[in-house]
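Step one of this worksheet: look at the structure below.
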Amino acid sequence: MLANKHPQEATRLESLRGYGTRETIPGEVYNELVNLAAQICETPIALMSLVEEHEQWFAAKTGVSISSTPLSESVCSHAILDEGLCEIPDTLDDPRTFANRLCHDETEMRFYAGVPLITATGMPLGTLCVIDTKPRELNSLQRKTLEVLARQVMAQMELRKSLYLADVLRREMDHRVKNSLTMVASLVRLYRRTASTGEASVTAFDAIERRVSAIASLHRELHSTSQEERVPFQRFLERVVAHLREECQAGVYLTVDSDEGMVESGQAAAVGSVVSEFVANSLKHGFPEGRGGIVHVMARLDEHGLRRLVCMDNGVGCDGRREQQTDAEALGEQLMEAAAEQSNLHLEKSLTSSGCYLQLTRREHATPAQTVEIA
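Below, the structure written as structure tokens:
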């Protein structure tokens, strides 16, 4: 006997589609619950059945080889019309099932008990059911347990739906943030071309663009890893430096030596800002008149994240640079100090006759800066 349609069939089917498809609902997640239902109810067959428009299919099963049946053979399509447990002690004595082919073929379905899988909005998606080859009844403990297991199946479905929607939202936010960062960087470049030509204005726009680029690199790393609060530091640092290499004049080389490891995203953002400002300043002031040289970035990590960052160049050093900072250079210093302070990092910087040197350490590991010459 073909069951009547649910009073809100269109809404029910739409709700079912929201939980996934045969390809995306992983049966292995529910197999343990289905097997437990069969063991406790002492039946050879147990199913997690989802009732679609033209058939029912089994997301998890034990005791049968088939994966679906047409609605004309679906007892679950009757069961979802009940508010609670649907129990048929003898299928040959029930008008809903006595003509069902499954009661007469090799399946020998003579007993059925199913609990609807009901969403938070009250829509039944299918059932958790048990089937036996002989007429019988469940005892009170078995009925109660089947109801509890059905709620657990539904809880798993709700959880997986929430995780899926969260992933969709994350990907959408990633797309929007990426577009926003690209737009901001483009606007900064546009305003820099049209703003006053004073050094302070141009340098300020350069600093903003570097900051946006560092944030964009951090965002890409956060999105590419499942650990939302930590990033693979070596790859992140390479991204930051790759952008800065484009500004190197002929004969000036930017090198990186970094440990591999995961670093908290806020700490990575601070390092990105410090490295960006240091390298930009070195390229601008350390190698005048076609002078060649090296700007080197070294990072050492431990189990807590960044332990020590060193940035240095072998440019003109204090003998060839101005003693007094311009407003633009002071802005770069302030950006680095603010970034370090926000992440509880200790910043030291020195200018010697052999170049510029910067050290960034966690405060508990802070040591006096030791200038190292670049060979």
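Read in order, the letters of the sequence shown correspond to residues 1 to 375 in full-length UniProt numbering. Note that beta-carbon positions come from the ideal geometry of N, C-alpha and C, so glycine has one too. Source: prediction; values computed, not measured.
On the CB-based measure, 16 or more other CB atoms within 10 Å of its CB, does residue i come out buried or exposed?
{"i": "Ile294", "result": "buried"}
{"i": "Asn4", "result": "exposed"}
{"i": "Lys61", "result": "buried"}
{"i": "Asp132", "result": "buried"}
{"i": "Asn344", "result": "exposed"}
{"i": "Pro95", "result": "exposed"}
{"i": "Gly122", "result": "exposed"}
{"i": "Gln324", "result": "Because the pLDDT of Gln324 is 49, which lies under 50, any placement of that residue in the model is unreliable, and the question is left without a value."}
{"i": "Ile66", "result": "exposed"}
{"i": "Lys117", "result": "In the sequence on display, residue 117 carries Leu and not Lys. The residue is buried, with at least 16 neighbouring Cβ atoms inside 10 Å."}
{"i": "Ala340", "result": "buried"}
{"i": "Gly290", "result": "exposed"}
{"i": "residue 384", "result": "Outside the shown range of the chain, which is 1 to 375, sits residue 384, and nothing can be said about it."}
{"i": "Glu9", "result": "exposed"}
{"i": "Asp313", "result": "buried"}
{"i": "Leu360", "result": "buried"}
{"i": "Pro7", "result": "exposed"}
{"i": "Thr91", "result": "buried"}
{"i": "Leu237", "result": "buried"}
{"i": "Gly315", "result": "buried"}
Beta-carbon within less than 6 Å of residue i's beta-carbon, same chain only, minus the 5 sequence neighbours each way: which residues are those?
{"i": "Ala113", "result": "Glu87, Val130, Leu138"}
{"i": "Gln234", "result": "Ser258, Glu260"}
{"i": "Lys134", "result": "Arg110"}
{"i": "Arg160", "result": "none"}
{"i": "Leu358", "result": "Phe278, Cys311, Lys349"}
Ends of the alpha helix (DSSP H) at residue i?
{"i": "Gln39", "result": "27–41"}
{"i": "Val241", "result": "233–245"}
{"i": "Ala46", "result": "It is not in any alpha helix (DSSP H) - Ala46 instead sits in the beta strand (DSSP E) that spans 45–51."}
{"i": "Ser258", "result": "No alpha helix (DSSP H) holds Ser258; the beta strand (DSSP E) holding it covers 252–258."}
{"i": "Cys76", "result": "76–79"}
Going by DSSP in three states, residue i sits in which element: helix, strand or coil?
{"i": "Asp94", "result": "coil"}
{"i": "Arg151", "result": "helix"}
{"i": "Gly317", "result": "helix"}
{"i": "Glu9", "result": "helix"}
{"i": "Leu162", "result": "Residue identity check: residue 162 is Ser in the sequence provided, not Leu. The answer is helix: DSSP assigns Ser162 an H, G or I state."}
{"i": "Ser67", "result": "coil"}
{"i": "Arg110", "result": "coil"}
{"i": "Arg363", "result": "helix"}
{"i": "Leu85", "result": "coil"}
{"i": "Val372", "result": "Bear in mind that a pLDDT of 49 at Val372, under 50, signals an unreliable position, so the number given afterwards is only what the model happens to contain. It is coil, neither helix nor strand."}
{"i": "Leu138", "result": "coil"}
{"i": "Met336", "result": "helix"}
{"i": "Arg143", "result": "helix"}
{"i": "residue 393", "result": "For the chain, the structure presents residues 1 to 375; residue 393 sits outside this window and is missing."}
{"i": "Cys356", "result": "strand"}
{"i": "Cys103", "result": "helix"}
{"i": "Arg17", "result": "helix"}
If you follow the beta strand (DSSP E) that residue i is part of, which residue opens it and which one closes it?
{"i": "Lys284", "result": "Note, Lys284: premise wrong, no beta strand (DSSP E); alpha helix (DSSP H) at 265–285."}
{"i": "Leu347", "result": "345–352"}
{"i": "His296", "result": "293–302"}
{"i": "Ala60", "result": "55–62"}
{"i": "Cys129", "result": "124–132"}
Report the rounded CA-to-CA distance for residue i versus residue j, giving the unit in angstroms.
{"i": "Thr69", "j": "Ala166", "result": "33 Å"}
{"i": "Ile45", "j": "His304", "result": "52 Å"}
{"i": "Ser15", "j": "Leu71", "result": "19 Å"}
{"i": "Thr97", "j": "Met1", "result": "6 Å"}
{"i": "Thr371", "j": "Arg239", "result": "Low local confidence applies: a pLDDT of 48 at Thr371 is under 50, so the model's placement there is unreliable, with the coordinate-based value given in what follows. The alpha-carbon atoms of Thr371 and Arg239 are separated by roughly 26 Å."}
{"i": "Arg362", "j": "Lys284", "result": "28 Å"}
{"i": "Ala79", "j": "Leu125", "result": "11 Å"}
{"i": "Leu244", "j": "Leu163", "result": "37 Å"}
{"i": "Cys103", "j": "Arg230", "result": "57 Å"}
{"i": "Val34", "j": "Leu13", "result": "23 Å"}
{"i": "Val64", "j": "Leu81", "result": "24 Å"}
{"i": "Thr225", "j": "Val241", "result": "At Thr225, the pLDDT of 49 sits below 50, so the modelled position is not reliable; the number obtained from the coordinates is stated separately. Whole-angstrom Cα-Cα distance: 20 Å."}
{"i": "Arg136", "j": "Cys41", "result": "11 Å"}
{"i": "Glu28", "j": "Thr43", "result": "20 Å"}
{"i": "Glu158", "j": "Gly20", "result": "11 Å"}
{"i": "Cys356", "j": "Ala268", "result": "22 Å"}
{"i": "Asn31", "j": "Thr127", "result": "14 Å"}
{"i": "residue 379", "j": "Asp302", "result": "The question about residue 379 has no answer here: the residues shown for the chain are numbered 1 through 375."}
{"i": "Asp105", "j": "Ser74", "result": "14 Å"}
{"i": "Ala270", "j": "Ser49", "result": "52 Å"}
{"i": "Cys76", "j": "Val51", "result": "7 Å"}
{"i": "Pro232", "j": "Glu264", "result": "9 Å"}
{"i": "Glu53", "j": "Gly18", "result": "14 Å"}
Which residues in the same chain have their Cβ closer than 8 Å to the Cβ of residue i, if we skip the five residues on either side of it in sequence?
{"i": "Gln227", "result": "Here the model assigns Gln227 a pLDDT of 47, short of 50, so the residue's position is not dependable and the matter cannot be decided."}
{"i": "Leu85", "result": "Ala113, Gly114, Val115, Arg143, Leu146, Glu147"}
{"i": "Thr255", "result": "Ile294, Val295, His296, Val297"}
{"i": "Ala155", "result": "none"}
Can you list, in chain order, the residues of its chain whose CB lies under 7 Å from that of residue i, leaving out five sequence neighbours each side?
{"i": "Glu55", "result": "Ser68, Thr69, Pro70, Leu71"}
{"i": "Arg300", "result": "Asp259, Arg307, Arg308"}
{"i": "Phe58", "result": "Leu47, Met48, Ser49, Ser67, Ser68"}
Is there a C-beta anywhere in chain D that falls below 8 Å from the one on residue i?
{"i": "Glu260", "result": "The question asks about chain D, but that chain is absent: this structure has only one protein chain."}
Please confirm whether any heavy atom of the ligand ATP lies closer than 7 Å to the CB of residue i.
{"i": "Arg307", "result": "With respect to small molecules bound, the structure shown includes none, and the ligand ATP cannot be examined in it."}
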